[in-house]
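Counting from 543, one number per residue, gives the positions in the sequence shown under this note's numbering.
Structure record follows, encoded as structure tokens.
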Amino acid sequence: MPALTQSEIDALGARAELMVNSLGTVSAEPDRLVRLFLTPEHRRAADRVTSWMRQVGLAVSEDALGTVRGRLEGASPKRLLIGSHIDTVINAGMYDGPFGVIAGVLAVEHFVRAGRKLPFGIDVLAFGDEEGSRFPATLASSSACAGVFKTDNLKLADRAGVTLGDAIAAYGKSVDDIPAAAYRPDEAAAYLEVHIEQGPVLEVRNQPLGVVTAIIGQTYLNVEFLGEAGHAGTVPMLLRRDALAGAAEAMMLGERLARETRGEVVATVGRMTVAPGATNVIPANVVIVFDIRSGSEAARARLVDALRGGIRALAERRHLGLTITTTREVATTPCHPYVQDQLAEAIRSAVGDAAEKPLRLGSGAGHDGQAMAKLCPVGMLFVRCRGGVSHNPMEYANPRDLGLAVAALIAFIERFDPTKLTSRTTT
Ligand SMILES: [Zn+2]
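Laid out in structure tokens, this is it:
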């Protein structure tokens, strides 16, 4: 099929914006957007998405977690899964999640209207539990689709004491049907998500769209130094065991090691506790927490190793007691290289010369792709959002950029060949 014209792209963007605004009115509260998992608002949003999917000719079903699935049959049993989430944080913006579902609906409509049968089927998925704003866990919906739902999570309760299991029943579903929500690995060709960037990189680089390389992994290192309290006036410098001076040296080491990776790894200390915390007392006990993130699992592991080794050496030299504990470890989810390359091609075709070499960037935020990667290869397309602002009612993406994102998704579907995806990405 010929590439879309600029006026067709603008029309898609205008429709996408109307649909985003329409879902943005579905809220638990009149003055701000609040749409939590398995609530009456979730039901209303799911119904609206269902009617859009039916209008474009998709067969719609819902699984045990309330995920809405709009199905387009193809020439083979292989399916391309295109999805995002319709739950929100409290006092949310309208674009985070819903736009990805809307982009899927509009892109599929393009092929239905053309009356062309694709070599693979497409499922557009509207998940309900990405933000984790109701229960103290997240990605229940996509985990069920990926076949990795943790049954223990059914016991988790929200602030009102309602468990996830009870909420599923109240939503009219049965926990017994959760296993049936899982796709078979041989039918799921790939999972693709269109999402606003939620960061400033595309705007700074003047690009409407970008290819996500990975949903980045994270390590929290809790580092505790034990020194000796003493009088700030009487203890000579060479006889001190100053825990805060040790922590400061550790922080500088973390900063230097991260800078040396030239952007591959970022390391931050955003919290420190100092005891006893008096101006005239040598600090005896200091805890700092490193937040270390990278799109590369290997680069993050190298930095953590080097940092641990360096901190041990400096603590020994300073005669400080030391405890290092890993309090959080989330693996990097790489986006599949074939999906990345096809997305780059699709951006080039939608945006034209301005995107000679589409930008590739990591996602610092979590997404449903982290669960879907346990099932099949994943990829993400990022859309520029104003000021990089997200999780905030000020969240905004230009309709022109929304139109380009739908056009790129259409171009991706045109090019997609499931037979090129033989290996599964694992995390
Ligand atoms: Zn989101």
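For glycine and all other residues, C-beta sits at the position ideal for the given N, C-alpha and C.
As the structure is a prediction and not an experimental result, all values here were calculated from the model.
- In this structure, DSSP gives VAL743 a helical state, which the three-state scheme calls helix.
- Nearest neighbour of ARG611 by Cα position, chosen from ASP589, ILE632, PRO619 and SER618, turns out to be ASP589.
- Within the same chain, Cβ atoms closer than 7 Å to the Cβ of ILE632 are found at VAL576 and SER675, the five residues on either side in sequence being excluded.
- The residue among VAL925, MET793 and GLU583 with its C-alpha nearest the C-alpha of PRO572 is GLU583.
- Using a 10 angstroms sphere on the CB of MET595, the tally of other CB atoms reaches 16 or more, which defines it as buried.
- In this structure the segment 869-883 touches the segment 752-771; the number of beta carbon pairs closer than 8 Å is three or more.
- Taken atom to atom, the span from the alpha-carbon of GLU729 to that of VAL948 is near 24 Å.
- In the DSSP annotation of this structure, the continuous segment of the beta strand (DSSP E) that includes HIS737 starts and ends at 730-738.
- By the criterion of a C-beta distance shorter than 6 Å, LEU734 is surrounded in its chain by ILE624 and GLY921, once the five residues flanking it on both sides are discounted.
- Taken through DSSP and simplified to helix, strand or coil, HIS627 comes out as strand.
- Taken in chain order, the whole alpha helix (DSSP H) runs of length 4 or more contained in the segment 769-823 are 785-802.
- Look at the beta carbons and you see the segment 597-604 not touching the segment 703-712: under three pairs across the two are nearer than 8 Å.
- Taking a 10 Å sphere around the C-beta of LYS916, we find 16 or more other C-beta atoms and assign the residue as buried.
- Between the beta-carbon of HIS627 and that of GLU559 there is about 19 Å, and that puts the pair past the 8 Å contact cut.
- Contact between PRO941 and ALA556 holds, since their C-beta atoms are separated by about 6 Å, short of 8 Å.
- Residue burial annotation: GLY911 is buried, with at least 16 other C-beta atoms found within 10 angstroms of its C-beta.
- According to the DSSP assignment, MET922 belongs to the beta strand (DSSP E) that extends over 920-925.
- When distances are taken from the beta-carbon of GLU672 to the heavy atoms of ligand 1, the shortest one is below 7 Å.
- For LEU667, the closest C-alpha among the options VAL736, GLY863, LEU698 and MET936 is that of VAL736.
- One alpha carbon belongs to ARG701, the other to PHE677, and they sit about 8 Å apart.
- Along the length of the segment 668-725, whole alpha helix (DSSP H) runs at least 4 residues long occupy 682-688 and 706-712, reported in chain order.
- Counting only runs of at least 4 residues, the segment 618-663 fully encloses the following alpha helix (DSSP H) elements, listed from N- to C-terminal order: 640-656.
- The alpha-carbon of ARG783 is positioned some 13 Å away from that of ALA790.
- Residue environment analysis places ASN563 among the exposed positions, since fewer than 16 neighbouring C-beta atoms fall within 10 angstroms of its C-beta.
- Cβ contact annotation for VAL743 (same chain, cutoff 6 Å, sequence separation greater than five): LEU903, in chain order.
- DSSP, read as helix, strand or coil, puts SER603 in strand.
- In this structure, the C-beta of GLY639 approaches ligand 1 to less than 7 Å from one of its heavy atoms.
- Sixteen is the threshold: when 16 or more other Cβ atoms of the shown chains lie within 10 Å of the Cβ of PRO919, as they do, the residue is buried.
- For ASP833, the enclosing beta strand (DSSP E) stretches over residues 827-836.
- Per DSSP, THR581 lies in no beta strand (DSSP E) and is assigned neither H nor E.
- Residue ranges of uninterrupted beta strand (DSSP E) with 3 or more members, entirely inside the segment 844-901 and ordered along the chain, are 863-872.
- Counting other Cβ atoms within 10 Å of its Cβ, ASN822 stays below 16 and is therefore classed as exposed.
- Here DSSP, grouped into helix, strand and coil, assigns GLN749 to coil.
- Across the set PRO818, GLY635, SER838 and ARG850, the C-alpha of ARG850 shows the shortest separation from the C-alpha of GLY796.
- For SER932, the closest C-alpha among the options GLY741, ALA892 and ASN695 is that of GLY741.
- Taking C-beta atoms as the reference points, ALA857 and GLY772 fail to come closer than 8 Å.
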